[in-house]
Every structure is written in C-alpha cells, then in structure tokens.
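Undergrad: The structure follows.
Residue numbers (our numbering), protein chains in the order written: chain A, 32 to 218; chain B, 34 to 225.
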C-alpha cells in the first residue's frame, strides 16, 4: 500500500518535471510559430508587405483585418539596422519581436512624435561599441536594443475604414529597413 | 520484476500528468498575470519581454505575434457575461463603452483564429466606423442574419471568439479590474 503511494508520488514529481520541461522546450521546437511561418516568405533585412487576412487565407492566426502590415525579418550579425517608417494614416505602430516571438519593444506614431518613425536597431554589444561622440550627436536618435541577433519588426498601419486600406498598405510598403552601413550618411 | 513494474508505473504516471498538464495549460491559456474584466480576458505581460514560459509556449503553439504593450492590448471573449459560449447562430449584443484608447477594433474569429466567412465580407469594426448613441456608447449585434445598426455577421458558425484590441492606451501590465476600465457587456439575446 505504502509502496503504491510512494510510486504515485514519484510519478507526480516526474510529471511536474515533464510538464515544466515541455513548456520550456516548446517554443524552441515549434514549427508553426510566427517566426517559422514568416521565415520562408520574408527576405532578410527587407520590408515585406503581408497581405491582410481574409477568411480563406491568413499568414498568421488572429491578425487584425483593420491593419495593413509589413514584416522586416532582421539579422544584426553584419551590423546595426536603420528603420524608417512613414506615418500617413490614422495610427502607425512598429513592434519588435525576438526570433522566439517575444515582443520586447513597440512604439507608435504619437510616441515617435514626427511624420516619420526613424530608429536604429542594434544588439547590446553593438550599442556599447558605438563611438562615444557619435552617441552624443545621436541624442535625438532613437536606439532600440535587440536581445537577439535575429528577429522580426512588424510595421502596422491602421485603416480606420476599409476604403483607407490601400493608403495604409502603401504607407507600410514605403517603410525601409536597411543595414546602417548601406544608408548614406546625411553629414 | 517488481522493480520493473514499479518503474514503468512511475514513468506512465509522470508522462500522463506532465503531458496532460502541458496540453491543458496551453489549451486554456494558463499564463500568469491575466486581466479579466467581465467576459473579457487579456494577458498584458504576454506583450512584454517578461513573458513567462507559459505565455511563450502558447504564443509559439498558436503561431501569432502578440500585441506589444507599447502598441496596445488585446482582450478576448469566448463566452458572454453569463458564461454561455458565444454561438454564431444566436443574436449576441455587445454594448457599452471601452477604456480610453486612441483607436480600438473588435474582430470576430473562429476558434482557430481565422476570420469567419460571411456574405458581406465584414469581420469587425474599428472605433471610427461604429455608429454610436448620443451618450457615446455603442451597440454591436453579432448575428447570423442582417440586423439594423452595427451588424457583425457570424456566418452561422457554432463557436466564435470576439477580440477587442485597444491601441495606444494606458491599459496595460499595471491595470487592475475596476471602474476606470469599463468594458462592453456581452449578452446573448435570442437563440433559434
């Protein structure tokens, strides 16, 4: 009797370990998560418009049909990135995700405070290696630190009415995400 | 022999409890820090870098990109205020006001997160499209057949989920359910 009770207790403890291990392992082994879905259809370091979801086809589940969206799948191993998003419609937001779909930063047009959202994306190491005087002149530059080398930037513009969707789509399609070295310095 | 039997028993119990627990946790959305107001539930922490392992696992399993907190917050309802699952064959009234936000959208999905097919191609409303009453409140009727006012077609599907997204809002990780966060009520009015 005691033997069975002990065996059940052991089983429960093992079950707890299995449960925690599977929960932690799942994001790493998932093949249908957002990053894996987007990887084959988005070239790296380039803005790719994503078609709005319809009842027949959607790139991801639970997409908001009122938004035009574009994805920049980035890879910072060659150096920092520069992102420019024009603000044209009612509401524009830029969200940053790691390669395991964790949202680590987001900004919207009002917080950016201009007609263009401009920011630099780099890893913590790249930020630390930035020359100091450049950091000072760049005081008004918005710098986002990515916790991972690769990830996703989701650029989304709201169409308050369906008729404004083409305008929102052209705004997100006009967004640029380029390696900082490829961007011509204005000075 | 006894040792072998015992070991197999422990392994079986462990597998059933462990995998069963994982399945249930992901199916029911067991992330920490949920915010429930009326029929609506949100997981504000899912949209931050502090997302817990349960949140990360369910994001990966569903395959969506969560709404980041700097962008907005996503509330979902699978049942009405009385706990009755939302049924696309019934007339369901969604009425009231939302917490303050620059924009909001309400969208109807099937339980797989796909837009429900319907003849008029409407899947939701934005805060600008909606027709409001004199006091600023709104009423949306989710129903299989055309209705006057803000009609949200259900396409007659058996089960659906309503998703209310608030964009550029103060509602977030530190929000507690209370009077400052009024959410629309959901009532099932008539079923065939």
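All residues carry an ideal CB built from backbone N, CA and C; glycine is no exception. Small disclaimer: the values here were computed from a predicted structure and weren't measured.
Going by DSSP, name the residue or residues bridged to residue 100 of chain A.
TA: In DSSP, residue 100 of chain A forms a bridge with A:81, A:187.
Undergrad: Let me check understanding here. Comparing Cα to Cα, which of A:159, A:113, A:186, A:85 lies closest to residue 134 of chain A?
TA: Looking at the Cα atoms, A:186 is the closest of the given residues.
Undergrad: Assign residue 224 of chain B to one of three DSSP states: helix, strand, or coil.
TA: Note: residue 224 of chain B maps to coil in three-state DSSP.
Undergrad: Out of A:47, A:100, A:138, point me to the one whose CA is closest to residue 206 of chain A's CA.
TA: Looking at the Cα atoms, A:100 is the closest of the given residues.
Undergrad: Let me make sure I understand the geometry here. Which of B:87, B:48, B:68, B:170 has the alpha-carbon closest to that of residue 59 of chain B?
TA: When only C-alpha atoms are compared, the closest one is B:87.
Undergrad: At the level of alpha carbons, what is the spacing between residue 197 of chain B and residue 106 of chain A?
TA: Those two C-alpha atoms are separated by around 33 Å.
Undergrad: Going straight from the alpha carbon of residue 156 of chain A to that of residue 110 of chain A, what length do you get?
TA: Residue 156 of chain A and residue 110 of chain A: Cα-Cα distance of roughly 10 Å.
Undergrad: For the stretch 93-105 of chain B, enumerate the residues whose C-beta is nearer than 9 Å to any C-beta of chain A, in chain order.
TA: Against chain A - using a Cβ distance shorter than 9 Å - the residues of the stretch 93-105 of chain B are 93, 94, 95, 96, 97, 98, 99, 100, 101, 102, 103, 104, 105.
Undergrad: By Cβ distance below 7 Å, which residues in the same chain neighbour residue 96 of chain A in space, the five residues on each side in sequence not counted?
TA: Around residue 96 of chain A: 83, 84.
Undergrad: Using beta-carbon positions only, say whether residue 90 of chain B and residue 117 of chain A come within less than 7 Å of one another.
TA: No, they are not a contact pair.
Undergrad: Counting C-beta neighbours from all protein chains within 10 Å, is the total for residue 152 of chain A 16 or more, i.e. buried, or is it exposed?
TA: Its Cβ being crowded by 16 or more others within 10 Å, residue 152 of chain A is buried.
Undergrad: Quick check: residue 75 of chain B and residue 95 of chain B, are their CB atoms within less than 7 Å of each other?
TA: It is not a contact, given that the beta carbons lie outside the stated cut-off.
Undergrad: According to DSSP, is residue 207 of chain A part of a helix, a strand, or is it coil?
TA: Strand at residue 207 of chain A.
Undergrad: Kindly list, in the order they appear in chain A, the residues whose Cβ is closer than 8 Å to that of residue 178 of chain B.
TA: Neighbours of residue 178 of chain B on chain A: none; closest Cβ ~18 Å, over 8 Å.
Undergrad: DSSP puts residue 149 of chain A in a beta bridge; with which residues?
TA: DSSP, once it has assigned bridges, lists A:115 as partnering residue 149 of chain A.
Undergrad: With residue 81 of chain B and residue 206 of chain B assumed to form a contact (beta carbons below 8 Å), what rounded beta-carbon distance in angstroms separates them?
TA: The pair is a contact, with the Cβ atoms about 7 Å apart (cut-off 8 Å).
Undergrad: Note down, in chain order, all residues in the stretch 82-108 of chain A with a beta-carbon under 7 Å from any beta-carbon belonging to chain B.
TA: Under the 7 Å Cβ criterion, the stretch 82-108 of chain A contributes 84, 85, 86, 89, 91, 92, 93, 95, 96, 97.
Undergrad: Rounded to a whole number of angstroms, what is the C-alpha to C-alpha distance between residue 45 of chain B and residue 146 of chain B?
TA: Roughly 34 Å between the two C-alpha positions.
Undergrad: Taking only beta-carbon positions, decide if residue 193 of chain B is within less than 7 Å of chain A.
TA: False, the Cβ-Cβ gap to chain A never drops below 7 Å.
Undergrad: When the Cα atoms are used, what is the spatial distance from residue 119 of chain A to residue 47 of chain A?
TA: One C-alpha to the other measures close to 51 Å.
Undergrad: Hey, residue 113 of chain B and residue 48 of chain B are a contact pair by Cβ (cut 8 Å); roughly how many whole angstroms apart?
TA: The pair is not a contact, with the Cβ atoms about 37 Å apart (cut-off 8 Å).
Undergrad: Do residue 66 of chain B and residue 137 of chain A have their C-beta atoms within less than 7 Å of each other?
TA: Not closer than 7 Å, so no.
Undergrad: Nearest CA to the CA of residue 210 of chain A: which residue from A:56, A:184, A:61, A:76?
TA: The candidate whose alpha carbon is nearest that of residue 210 of chain A is A:76.
Undergrad: Classify residue 35 of chain A as helix, strand or coil using the three-state DSSP reduction.
TA: DSSP places residue 35 of chain A in helix when its eight states are reduced to three.
Undergrad: At 8 Å on the CB atoms, spell out the chain B contacts of residue 180 of chain A, in chain order.
TA: Residues of chain B passing the Cβ test: none, with the nearest at roughly 16 Å.
Undergrad: Does the Cβ of residue 217 of chain B have 16 or more other Cβ atoms within 10 Å, making it buried, or fewer, making it exposed?
TA: Buried, because 16 or more other Cβ atoms sit within 10 Å of the Cβ of residue 217 of chain B.
Undergrad: Would you verify that the beta carbon of residue 50 of chain A is, or is not, closer than 7 Å to some beta carbon of chain B?
TA: Residue 50 of chain A counts as touching chain B.
Undergrad: Using only alpha-carbon positions, find the residue among A:147, A:140, A:113 that is nearest to residue 154 of chain A.
TA: Answer by Cα proximity: A:113.
Undergrad: DSSP has residue 118 of chain B in a bridge; who is on the other side?
TA: BP columns for residue 118 of chain B point to B:112.
Undergrad: Using C-beta distances below 6 Å, list every residue in its chain close to residue 50 of chain B, excluding the 5 sequence neighbours before and after it, in chain order.
TA: For residue 50 of chain B, where only same-chain residues beyond five positions count, there are no Cβ hits under 6 Å.
Undergrad: What number of angstroms, rounded off, separates the C-alpha of residue 173 of chain B from the C-alpha of residue 220 of chain B?
TA: Each residue's Cα considered, the two are about 11 Å apart.
Undergrad: Spatial neighbours of residue 108 of chain B within its chain, please: CB distance less than 6 Å, with the 5 preceding and 5 following residues excluded, ordered by chain position.
TA: 73, 75, 197, listed in sequence order.
Undergrad: Does residue 208 of chain A have its Cβ less than 7 Å from a Cβ in chain B?
TA: So, not an interface residue.
Undergrad: So, does the CB of residue 139 of chain B fall closer than 7 Å to a CB anywhere in chain A?
TA: Output row for residue 139 of chain B: interface = no.
Undergrad: How long is the line joining the alpha carbons of residue 115 of chain B and residue 49 of chain A, rounded to whole angstroms?
TA: Cα to Cα, the separation comes out at about 36 Å.
Undergrad: Using CA coordinates, which residue listed in A:108, A:121, A:176, A:139 is at the minimum distance from residue 212 of chain A?
TA: With distances taken between Cα atoms, residue 212 of chain A lies closest to A:108.
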